[in-house]
Each structure stands twice: as structure tokens, then as C-alpha cells.
Amino acid sequence: DAFQQAEEASGGGPGNPQKVVVDQTQITVLTSLGRAWVHGLKGEAAAAQSLFDEVIQTAPDFPEAYMRRGEFYRSLRRYPEAAADYGTARKLAPGNPSLLAGRGRVYAESGNAEAARQDFKASCARGWKEGCAGLKGLGP
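With our numbering applied, the sequence shown covers 252 to 391.
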């Protein structure tokens with residue numbers, strides 16, 4: 252996430268605490284993501300959509316923004332948009348197995364069991380428990 256990226260950029264990390272420098276843009280992006288999610292939970296889809304879009308326009312290289320908007324789309328059963336956002340997030344953070352599991356959930360819910368199986372299997376192979384659970388949930 253943005254805070255971890257800031258910590259790593261400052262030379263900090265596990266076993267090497269450093270002062271974490273977070274700029275105003277990062278604060279705005281993270282705050283807006285939280286607000287968008289709350290609007291989505293309250294059923295205020297237009298407000299949530301607007302904030303997600305604003306965040307992505309402000310920080311187009313931030314994979315978590317696409318992941319969260321993908322989850323929002325999944326909650327609305329807008330599966331093509333959800334899969335596309337997870338795909339973009341994967342391009343930005345190719346080593347993140349949670350993104351494979353998330354897209355796997357999208358595929359599973361939309362009835363694309365084969366694509367779901369591929370994503371869950373790849374996520375599980377990278378040690379992500381949610382991917383393994385999704386794979387088991389699909390059955391043989």
C-alpha cells in the first residue's frame with residue numbers, strides 16, 4: 252500500500268524503522284478511497300464511483316485504487332468492469348497474489364469457472380490462502 256511504499260522509499264522497513272514521509276497526495280488518495288468505500292457500503296453508488304474515478308485520475312499507478320474499485324464493481328455485479336480493474340491492478344503489481352484471488356472471485360461469481368480456477372490456482376501457488384480457499388470452493 253501507499254504507506255508501505257513510502258516507508259520503503261525512506262529506507263525503512265521491518266527491522267529498520269525510519270521516519271515515514273507521506274505526502275499530501277498520498278493522504279488525499281487514501282482518504283478518498285476510504286470515503287468511496289463507505290459510499291459504496293451505504294448504497295451510494297454514484298458518489299462512490301465518482302470518488303474511485305477521482306482517485307484513479309489522481310494516482311493512475313496506484314494498484315490498490317483499481318483493486319478497491321474492482322471490489323466495488325463486483326459488489327454491483329458489474330463483472331466486466333471489475334475484472335478489467337483487477338487486470339490493471341495486476342499489471343501495476345504483478346507479484347501480488349491477492350489481486351489474482353480477487354479477480355478469481357469476480358470470475359467465479361460471473362460464471363467463468365475456468366478463469367476463476369486459473370487465478371485461484373496461481374494465487375494459491377504464491378501462498379495466498381484466499382486463493383487456495385477459492386480453488387477448493389470451485390470443486391473438482
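Don't be surprised by glycine CBs; every beta carbon is placed ideally from N, CA and C.
Distance from the CA of I307 to the CA of S374, rounded to the nearest whole angstrom, comes to 25 angstroms. Separation of the CB atoms of A352 and Y358 is rounded to 11 angstroms, and the pair is thereby denied contact status at 8 angstroms.
In this chain, the alpha helix (DSSP H) harbouring P331 covers Y330 to L343. The beta carbon of Y330 sits closer than 6 angstroms to the beta carbons of V357 and S361 from its chain, once the five residues preceding and following it are set aside; these are given in chain order. Scanning its chain for C-beta atoms nearer than 7 angstroms, with the 5 sequence neighbours on each side dropped, one finds around A333 the residues G321, Y324, R325 and V357, in chain order.
Straight-line spacing of the CA atoms in L281 and A299 works out to 14 angstroms. If the five residues before and after W379 are omitted, its C-beta is found closer than 8 angstroms to the C-beta atoms of P348, S349, L351 and A352, all from its own chain and listed in chain order.
If you draw a straight line from the Cα of E315 to the Cα of G388, it comes to about 25 angstroms. Counting only residues of its own chain and dropping the five nearest sequence neighbours on each side, K372 has a CB closer than 7 angstroms to the CB of L386.
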